[in-house]
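Novice: Residue numbers (this note's numbering), protein chains in the order written: chain A, 630 to 981; chain B, 33 to 505. Ideal Cβ positions, reconstructed from N, Cα and C, are used throughout, including at glycine. Computed from a prediction, not measured in an experiment: that's the story for all the values here. Have a look at this one before I ask anything.
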């Protein structure tokens, strides 16, 4: 039994959300090789399997998972961004029978006034039972702009543990588009530190759960810089017996004058046995801020479904269209049409 | 115009006198139990109160549970609470009376200054007044007695309506709920019992007022209200205490049974002194097509942990919570609301507000749980927090636990300061900055104050003015 992904502030134990307890999860003591990594784009920025900076996460899933990456990472990737580039850099991890365990440490350092778009994709064949534990650290220095497209397309037999940490300096921007579809257990910890004045962070996530998938998504944005701006938009759909915990925290620290934080989480329940647990937190120690959060859960609108079915769509097709429509808002942030279509196809397949 | 605004504000401030809450009578009592928590002390309380055997056994069992349970691992720090320094039972020098003339002068004067006898004459159908651990006054209008309404102190109810009490006492709030409920079960004393028979509508509110005078003591009153099928009631609870240097404890318990098609509104203006730890528990069982409304103003206490709860057990049951917390210097008010939807077509509406100033901390903590069988249920939660300076803290910690698909659940929260534009607008209309801010704060609190009977709305506005005095502008 392991306990991880503690919320930044505890609430009543009876609410069952302070952390997640997992039983019967096979965590490898020794991690084998993982060789199926593909890098597409400007390779000069990338240094493979050199020592990254010493890992010292402010938050993370738990000491155990952080230490596993520290001590046993079988892929270390450091990306040093030194210019402005429009071209995407793509890092693909493809699990197969010979590459079943990945413990990766990825570091992206965007130097002052640079720009980069980085796509990271994890994918696995349907039947494999894979293990993934990863850490992604993004440092955006003054005036840098980093777009991260993060795609977890693992199957529903695998375990996916991910800790993401961002440090965002003055006038820097970090945008995330996260597609979290995979993992029998999909446990994500995302910690953004908006350190500089005018720093910005947009986190746009879609998740899609089926069968007995469990999602535990714990996002925290800490606003310290004046006029810093954080936006969290999380859209999800759950079918079968899938279960989701979303813990989203906007934390305004003293001194974050005129900072803004907005968080919206919406969960579509596609079956009467799917379960949604949400904890949207606002913590505020500064007067001059604007903080908003909203959270909703419910079935897809019957009127909309009826309208589409009256136009000849089957129930399943209409349901897919509704999910696509909700998710499209977030997928619009991905410039590549090919990639968007790839994700939409994945949505269709998972909703079958 | 500016001058006029200033004058208006001053007039309001002159109308209230903080001292009425801080009246400190001499610590005189008929009996005060020694400090601490032991089985012997519990037995002694039981002896003093002439409990029936089942209640004595219940108290001792609750004490065991208290020792088994841990302090909460969340929320405000309660480490300063040392139960070995708290006297859990203080019997005042007064028996239960049904005429104010028979209440001893110093106690009567306190309630006079709090305006209780006057309110009884003008706007209440019945009043209960508790001083330290015992109720010293209880009275109800004759016509309600004739309709079969029972409104009495808990001790009398235990003797005169034993079955009704035994069948409901701590069934809604079991002693295992949390450590301070168990403590309450062991040492409870005083409080009110109300039974409204089937179909009886009590149009004018009943009110119980709880006053804690004795230093280093606790108040553990138990309120048990049963509103039978098709009946209705508005019950008001008020509380205050003078300030002492050492910690006082309030761990009351409110159990409400709102039967099928019944209606209950439970209003509270809480203004405990700022050395009080207010660890109160309130819960309602709501039956088929019944409605439970909570209206709550929380101004006092050093630490407050208070989360009224509605359990919607009957199909079509409804609940509403309308509450405001106002935390000033040295206060940590961790308040909120919990609702569990257990049946189809149930609904909950929450409108919570908080104001923090002078380093005070407000937390809104909540739970909305919709269980598998509660299909076609709806819940809507709105919470707003206002920060009046940059040394205060305001947190929102809500949990939404949705276990079925045919539901509509929404939660919204926002946090911020008073808008400069609005202040500018009001100042351009002649108000001083101080008056403009005070007006905005009163407007912010208006959705709550409008739900209160007029005299309590005035009291709440007065409390807001008092809290704002010198803190803004």
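Look at residue 161 of chain B and residue 148 of chain B and say whether their C-beta atoms are less than 7 Å apart.
Specialist: Within the second chain, the letter at position 129 stands for residue 161 of chain B. Within the second chain, the letter at position 116 stands for residue 148 of chain B. Against a cut-off of 7 Å, the Cβ pair of residue 148 of chain B and residue 161 of chain B comes out as a contact.
Novice: Please confirm whether residue 914 of chain A has its beta-carbon closer than 7 Å to some beta-carbon of chain B.
Specialist: In the first chain, the residue the question calls residue 914 of chain A occupies position 285. Interface residue, yes.
Novice: Quick one: any contact between the region 769-779 of chain A and the region 795-811 of chain A, if contact means 3 or more CB pairs under 8 Å?
Specialist: Verdict: yes, contact present.
Novice: Would you report the Cα separation of residue 503 of chain B and residue 470 of chain B, rounded to the nearest angstrom?
Specialist: The residue labelled residue 503 of chain B in the question sits at position 471 within the second chain. The residue labelled residue 470 of chain B in the question sits at position 438 within the second chain. Only weak support is given to the placement of residue 503 of chain B: the predicted model assigns it a pLDDT of 49, under 50, and the value that follows is read from those uncertain coordinates. When rounded, the distance between both Cα atoms is 10 Å.
Novice: Does DSSP put residue 363 of chain B in a helix, a strand or coil?
Specialist: For the purposes of this step, residue 363 of chain B is taken as residue 331 along the second chain, with counting starting at 1. Coil.
Novice: Determine which residues share a DSSP beta bridge with residue 241 of chain B and list them.
Specialist: One-based indexing of the second chain puts residue 241 of chain B at position 209. DSSP lists B/161 and B/270 as partners of residue 241 of chain B.
Novice: Take the Cβ of residue 243 of chain B as the centre, count every other Cβ of all protein chains shown within 10 Å, and call the residue buried at 16 or more, exposed below.
Specialist: Against the second chain, residue 243 of chain B aligns to sequence position 211. When all chains shown are included, residue 243 of chain B counts as buried.
Novice: Which residues of the region 121-136 of chain B have a Cβ closer than 9 Å to any Cβ of chain A? Give them in chain order.
Specialist: Flagged: no residues at all.
Novice: Quick check on this structure: which residue in B/124, B/446, B/108 and B/155 has the alpha carbon closest to the alpha carbon of residue 920 of chain A?
Specialist: Against the first chain, residue 920 of chain A aligns to sequence position 291. For the residues B/124, B/446, B/108 and B/155, the minimum Cα distance to residue 920 of chain A belongs to B/446.
Novice: What first and last residue would you give for the beta strand (DSSP E) that runs through residue 152 of chain B?
Specialist: Here residue 152 of chain B refers to the residue found at position 120 when the second chain is read from its first residue. Per DSSP, residue 152 of chain B belongs to no beta strand (DSSP E); it is in the alpha helix (DSSP H), 148-155.
Novice: Can you determine whether any heavy atom of the ligand ATP sits closer than 6 Å to the C-beta of residue 900 of chain A, and answer yes or no?
Specialist: Inclusion of the ligand ATP in the displayed structure is not the case, the ligand content being empty and no account of it being possible.
Novice: Between residue 732 of chain A and residue 687 of chain A, how many whole angstroms is the CB-CB distance? I'm expecting something under 8 Å.
Specialist: Position 103 of the first chain holds residue 732 of chain A. Position 58 of the first chain holds residue 687 of chain A. Contact doesn't hold; Cβ gap of about 20 Å is too wide.
Novice: Does the beta carbon of residue 425 of chain B come closer than 7 Å to any beta carbon on chain A?
Specialist: Position 393 of the second chain, counted from the first residue, corresponds to residue 425 of chain B. Yes - at least one Cβ of chain A is within 7 Å of the one on residue 425 of chain B.
Novice: Counting only C-beta atoms, is residue 505 of chain B closer than 7 Å to chain A at any point?
Specialist: By 1-based counting over the second chain, the position of residue 505 of chain B is 473. Its pLDDT being 34, under 50, residue 505 of chain B is placed unreliably by the model, and the measurement read from it follows with that caveat. No, its Cβ sits nowhere closer than 7 Å to a Cβ of chain A.
Novice: Between residue 982 of chain A and chain B, is there a C-beta pair that is closer than 7 Å?
Specialist: No answer is possible for residue 982 of chain A: it lies beyond the span of chain A, which begins at 630 and ends at 981.
Novice: Quick check: is the beta carbon of residue 48 of chain B nearer than 7 Å to any beta carbon in chain A?
Specialist: Mapped onto the second chain, residue 48 of chain B falls at position 16. Annotation note: pLDDT 35 at residue 48 of chain B (below 50); position unreliable, coordinate value reported separately. No, residue 48 of chain B lies away from the interface with chain A (no Cβ there is under 7 Å from its Cβ).
Novice: Since residue 918 of chain A meets chain B, which of its residues come closer than 9 Å, beta carbon to beta carbon?
Specialist: Working through the first chain from its first residue, we reach residue 918 of chain A at position 289. By Cβ distance, chain B contributes 419, 447, 448 and 449.
Novice: Could you work out which residue in A/951, A/638 and A/850 is closest to residue 795 of chain A when comparing CA atoms only?
Specialist: Position 166 of the first chain holds residue 795 of chain A. The residue with the shortest Cα to Cα distance from residue 795 of chain A is A/850.
Novice: On the CB-based measure, 16 or more other CB atoms within 10 Å of its CB, does residue 41 of chain B come out buried or exposed?
Specialist: The sequence position of residue 41 of chain B within the second chain is 9, counting from 1. Any reading at residue 41 of chain B must be qualified, since the residue scores a pLDDT of 31, below 50, and its modelled position is unreliable; the value itself is stated next. By the 10 Å Cβ count, residue 41 of chain B comes out buried.
Novice: Ordered along the chain, which non-local residues of its own chain (more than five positions away) have a Cβ less than 6 Å from that of residue 631 of chain A?
Specialist: Indexing the first chain from 1 puts residue 631 of chain A at position 2. Excluding positions up to five away in sequence, the list reads 651.
Novice: How about residue 216 of chain B: is its C-beta nearer than 7 Å to some C-beta of chain A?
Specialist: In the second chain, residue 216 of chain B corresponds to position 184, counting from 1. It does not: the Cβ of residue 216 of chain B has no partner Cβ on chain A nearer than 7 Å.
Novice: Using only alpha-carbon positions, find the residue among A/723, A/766, A/824 and A/810 that is nearest to residue 772 of chain A.
Specialist: In the first chain, residue 772 of chain A corresponds to position 143, counting from 1. Nearest C-alpha to residue 772 of chain A: A/824.
Novice: Go to residue 132 of chain B, then tell me how far its alpha helix (DSSP H) extends in each direction, as first and last residue.
Specialist: Mapped onto the second chain, residue 132 of chain B falls at position 100. That residue, residue 132 of chain B, is in no alpha helix (DSSP H); it is neither H nor E in DSSP.
Novice: So if I threshold CB-CB distances at 7 Å, which residues from the region 293-322 of chain B count as touching chain A?
Specialist: Within the region 293-322 of chain B, no residue has a Cβ that lies closer than 7 Å to any Cβ of chain A.
Novice: Please confirm whether residue 91 of chain B and residue 74 of chain B have their CB atoms less than 7 Å apart.
Specialist: Position 59 of the second chain, counted from the first residue, corresponds to residue 91 of chain B. Position 42 of the second chain, counted from the first residue, corresponds to residue 74 of chain B. Result yes, Cβ atoms of residue 91 of chain B and residue 74 of chain B sit closer than 7 Å.
Novice: DSSP on residue 810 of chain A, reduced to helix/strand/coil?
Specialist: As a first step, residue 810 of chain A is located in the first chain; it is residue number 181 there, counting from the start. DSSP places residue 810 of chain A in coil when its eight states are reduced to three.
Novice: Skipping 5 residues on each side, what residues in its chain have a beta carbon closer than 8 Å to that of residue 934 of chain A?
Specialist: As a first step, residue 934 of chain A must be located in the first chain, where it is residue number 305. Excluding positions up to five away in sequence, the list reads 944, 947, 948 and 951.
Novice: From which residue to which residue does the alpha helix (DSSP H) around residue 479 of chain B run?
Specialist: The count along the second chain starts at 1 and reaches residue 479 of chain B at position 447. Note, residue 479 of chain B: alpha helix (DSSP H), 465-481.
Novice: List the residues of chain B whose Cβ lies closer than 7 Å to the Cβ of residue 883 of chain A, in chain order.
Specialist: Working through the first chain from its first residue, we reach residue 883 of chain A at position 254. By Cβ distance, chain B contributes 422.
Novice: Do you know offhand how far residue 37 of chain B's Cα is from residue 425 of chain B's?
Specialist: Position 5 of the second chain holds residue 37 of chain B. Position 393 of the second chain holds residue 425 of chain B. Note that residue 37 of chain B scores 33 on pLDDT, short of 50, meaning its location in the model is unreliable; the coordinates nonetheless yield the value given after this. One C-alpha to the other measures close to 30 Å.
Novice: Out of B/363, B/400, B/416 and B/377, which one is the CA nearest neighbour of residue 386 of chain B?
Specialist: Reading the second chain from its first residue, position 354 is the one you call residue 386 of chain B. Among B/363, B/400, B/416 and B/377, the Cα nearest to that of residue 386 of chain B belongs to B/416.
Novice: The alpha helix (DSSP H) spanning residue 890 of chain A covers which residue range?
Specialist: For the purposes of this step, residue 890 of chain A is taken as the residue at position 261 of the first chain. No alpha helix (DSSP H) contains residue 890 of chain A, which is instead part of the beta strand (DSSP E) from 889-898.
Novice: Hey, would you say residue 351 of chain B sits closer than 7 Å to residue 371 of chain B, going by beta carbons?
Specialist: By one-based count along the second chain, residue 351 of chain B stands at place 319. By one-based count along the second chain, residue 371 of chain B stands at place 339. Going by C-beta atoms, residue 351 of chain B is nearer than 7 Å to residue 371 of chain B.
Novice: Short of 8 Å in beta carbon distance, which residues of its chain neighbour residue 33 of chain B, apart from the five on each side in sequence? Order them along the chain.
Specialist: Indexing the second chain from 1 puts residue 33 of chain B at position 1. Since pLDDT at residue 33 of chain B reaches only 32, below the 50 mark, its modelled position is unreliable, and no value is offered.
Novice: Shortest alpha-carbon distance to residue 304 of chain B belongs to which of B/428, B/292 and B/164?
Specialist: Start at 1 with the first residue of the second chain, and residue 304 of chain B comes out as number 272. Considering only alpha carbons, the answer is B/164.
Novice: Quick check on the DSSP output: what are the complete beta strand (DSSP E) runs of length 3 or more inside the region 916-946 of chain A, in order along the chain?
Specialist: Listed in chain order, they are 919-927.
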